[in-house]
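In this note's numbering, the protein residues as written are 690 to 1139. Just so it is clear, CB atoms sit at the ideal spot from N, CA and C, and this is done for glycine as well. For clarity, every value in this text was computed on a predicted model and none was experimentally measured.
Now the structure itself:
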């Protein structure tokens, strides 16, 4: 599958041979190729494919036929044939950036990571203009990450694959075996979620869909396993909590990923009585009771019942005052309910306890609340905290630049824009940064007040 980039030096005998083969093609390959393009433009894909296949067979040196066939198969999700055609069309040729990227996409879909990296090296070699080199570097970085994730996935599958197809028999194992299997199912789900993140950045929708299918399948298997464990010990409230949490995770994924409200509600209906029973029975275990209340918050947020969600987050704070994250959740609910002053108070209470460990997202939320209250300098300080916690991420730096511009501090804003522009950004990120550059230019063009 591997290939090296050609040195692109044309040898006369090969050129003569190629010309001879092209002359032997009847009718002229260019006219046949244009006819195939016309068929594709009119939506007659099958006829175009047949014409291109004949052209590729009759005139193997006419690379354009294989390259277009490869892209056609790639769009249809036929990755093995796409890889074969694109590799044949690029063999010994420079190709262009889009063709090498298409070959890399086919190989990524086949999980052929080293050959995909070879194709991306060639894409980088022919990249032109301001965007293509950045795109090539991003693809190379994400493909390297996927290769590492794939090795981890293979190790997990090798260790636990012997259990993977025997879910029905798992209830005969001891509790320790169940615990071990549970942990590894979660690890498998998390690995697939990490791969989804990379496939999304690389615009590989078929691979994203395939990975999501695996997540849903693993989630169902985990629910079956947790149900079996609960049947073995029906009075175990911690096992009820695990099962309720699995249903809540499944409900959220059905709602967000599949946009399927019916499936979401199906899982919420199964989580609801589990949470209610824990809240009713765990009177001697307030932390578990608070976890169930937190689950109820998630349930009501998915049902868009903000009043009930706020009621239960207040209960969670009452039952477990040692968990400041509950105040962060309450602040988010209060903000959604149009009560910014209450949200500010809750968030201030949260940060008073948890500022050293607060996430970048929490600091960005705090910055947004402060900006809405007109406290721009404090919002800038909060954005600085977010950048410090996620220095490699785009969004915290973007928000900080927006706040600098809001405060009229064009000098620091320009410096921050220059620093961010040096990074490898996605096209959507570059567009957002360009919009801020235009705003900066407008602000700098306005004369200062007398």
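Asked, Found
"Which runs of the alpha helix (DSSP H) spanning at least 4 residues fall entirely within the segment 1003-1044, listed in chain order?", "1014-1025, 1029-1043"
"What residue from 991, 906, 985 has the CA that sits closest to residue 945's CA?", "991"
"Counting C-beta neighbours from all protein chains within 10 Å, is the total for residue 932 16 or more, i.e. buried, or is it exposed?", "buried"
"Let me make sure I understand the geometry here. Which of 747, 1092, 994 has the alpha-carbon closest to that of residue 1128?", "1092"
"Straight-line CA distance for residue 1060 to residue 725?", "57 Å"
"Take residue 801 as the anchor and find which of 778, 814, 773 has the nearest alpha-carbon.", "773"
"For the alpha helix (DSSP H) that contains residue 1135, what are its first and last residues?", "Counting along the chain, residue 1135 falls outside any alpha helix (DSSP H), and DSSP gives it neither H nor E."
"Just to confirm my understanding: we take residue 952, look at its own chain, exclude 5 residues before and 5 after, and list those with CB closer than 7 Å. What are they?", "943"
"Run through DSSP, which three-state label would residue 948 get?", "coil"
"Spatial neighbours of residue 664 within its chain, please: CB distance less than 7 Å, with the 5 preceding and 5 following residues excluded, ordered by chain position.", "Past the edges of the chain, shown from 690 to 1139, lies residue 664, and the structure says nothing about it."
"Taking C-alpha atoms, which residue in 899, 721, 926 lies nearest to residue 978?", "926"
"Taking only three categories from DSSP, how would you classify residue 769?", "helix"
"Whole angstroms is fine: what's the gap from residue 719's alpha carbon to residue 754's?", "10 Å"
"With DSSP collapsed to three states, give me the class of residue 801.", "coil"
"Just tell me which of 730, 1097, 1068, 1108 has its CA closest to the CA of residue 1081.", "1108"
"Where does residue 830 sit, in a helix, a strand or coil, going by DSSP?", "helix"
"Give every residue of the same chain whose Cβ lies closer than 7 Å to the Cβ of residue 934, excluding the five residues on either side of it in the sequence, and list them in chain order.", "984"
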